[in-house]
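Per our numbering, residue 76 is the first one in the sequence shown, and the count goes up by one each step.
Report on the structure given below.
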Amino acid sequence: MHPELIKLEKTFKPSILTKIDDSLLDQYEIELWMKRDDLLHPIISGNKWRKLKHSLDDALFSGVGTIISMGGAYSNHLHALAYAGKALGLKTIGLVRGEQPQTLTPTLSDMQNWGMELKFVSRSDYRHIRQYKGCHDLPGLKPGQYWLPEGGAQALALKGVAELVNEIDVAYDILCSPCGTGATLAGIIDAVTAQVSVMGFAALKSAGFLQADIESLLLQPSNNWQINLDYHFGGFAKTTAELMAFIADFESKTGTPLEPLYTGKMMYALYDLIAKHTFKPGQRIIAIHTGGLQGKRGFYA
Ligand SMILES: Cc1ncc(COP(=O)(O)O)c(C=O)c1O
């Protein structure tokens, strides 16, 4: 690993594995555990670090000076990239979906303060740029520039995600993660043993495309996985009073913070599916907390 990246990783905290202590779960004889990747780092938390780590390493060793990527106005990915770029001495450019808001969101404002150059792109251009999936693919890329596709979803991301799976040192039946682009889930599917089932929970509405996107990212084909499309709560970044009440209750019961875009929706889904007897008594489920708690600011402001 590049010495600059080793220096940055030294500032990280361990991602612990904890069993959720809740009599409701005992009632269904299900063990639900969380892999607390949110604890890794206050900014480059959760799957952001897992997905960025090896791409950043690749960029540093390739001697590039600038990383360009894309995301929305609350993007955890761009936020983490901007911070990492500053820490590693790399220039960063963020292609942000939609018109420039009159007042920058807290996420965009952090990114700018960390030196990221923000370029606002129309929604149709954004959809177009999304198709460039490889680090050299973006048209007009100049020498010394490195392209990271949306969500950091490239093959190198899977290598970092595998590290989180390899850290799990208890036996388990099911491993769960929220899904945006599906890159995190693809990394998990590639890394688990054949006895483990993998469940992804889509944060977006009409996310049927994830099946093919994930299949195209997998290093080896596998059929031990599924994506649940039923718990999007109206679409990306949409919430309901019921979801918010679940999150508040979970946080007060367990002391574990959740955000309502990804991990909050997945945990709601798991509790609901457990109550519907979807899992066999005695099964142990591990849910990955993919971090992104900075995104909460948009909801509780
Ligand atoms: C906090 C959080 N969790 C989960 C995801 C979904 O990850 P992926 O895009 O790899 O499916 C994202 C988006 O990258 C995220 O920001």
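Think of the CB as a built atom: it goes at the ideal place given N, C-alpha and C, for glycine as much as any other residue.
query: Assuming Ala232 contacts Gly262 (C-beta within less than 8 angstroms), just tell me the rounded distance between them.; result: 6 angstroms
query: Does DSSP classify Thr329 as helix, strand or coil?; result: helix
query: Residue range of the alpha helix (DSSP H) that Glu290 falls in?; result: Leu285 to Leu292
query: Just to check my reading of the structure: Leu92 and Val245 have Cβ atoms closer than 8 angstroms, yes? What is that Cβ distance to the nearest angstrom?; result: 7 angstroms
query: Within this structure, are the beta carbons of Leu213 and Leu165 separated by less than 9 angstroms?; result: no
query: Using 10 angstroms around the beta-carbon of Phe276, count the other beta-carbons present and answer buried if the total reaches 16, otherwise exposed.; result: buried
query: Would you call the segment 143-151 and the segment 169-179 in contact, with 3 or more CB pairs under 8 angstroms?; result: yes
query: Compute the beta-carbon to beta-carbon distance between Lys340 and Tyr306, rounded to the nearest angstrom, for a pair I have assumed lies under 8 angstroms.; result: 5 angstroms
query: To the nearest angstrom, how far is it from the Cα of Thr365 to the Cα of Cys254?; result: 10 angstroms
query: Rounded to a whole number of angstroms, what is the C-alpha to C-alpha distance between Tyr247 and Trp222?; result: 37 angstroms
query: Exposed or buried, Phe385, counting other C-beta atoms within 10 Å across all chains shown (16 or more means buried)?; result: Nothing can be reported for residue 385: it is not among the residues displayed for the chain, which extend from 76 to 376.
query: At a threshold of 8 angstroms, does Asn122 count as lining ligand 1 (C-beta to nearest heavy atom)?; result: yes
query: Just list the residues that DSSP pairs Glu106 with in beta bridges.; result: Arg359
query: Assuming Ile302 is part of the alpha helix (DSSP H), what are its boundary residues?; result: Ile302 -> not in any alpha helix (DSSP H); beta strand (DSSP E) instead, spanning Trp300 to Asn303.
query: To the nearest angstrom, how far is the alpha carbon of Pro176 from that of Arg205?; result: 21 angstroms
query: What is the rounded straight-line gap between the Cα of Phe308 and the Cα of Ala344?; result: 10 angstroms
query: With H, G and I counted as helix, E and B as strand and the rest as coil, what does DSSP make of Phe321?; result: helix
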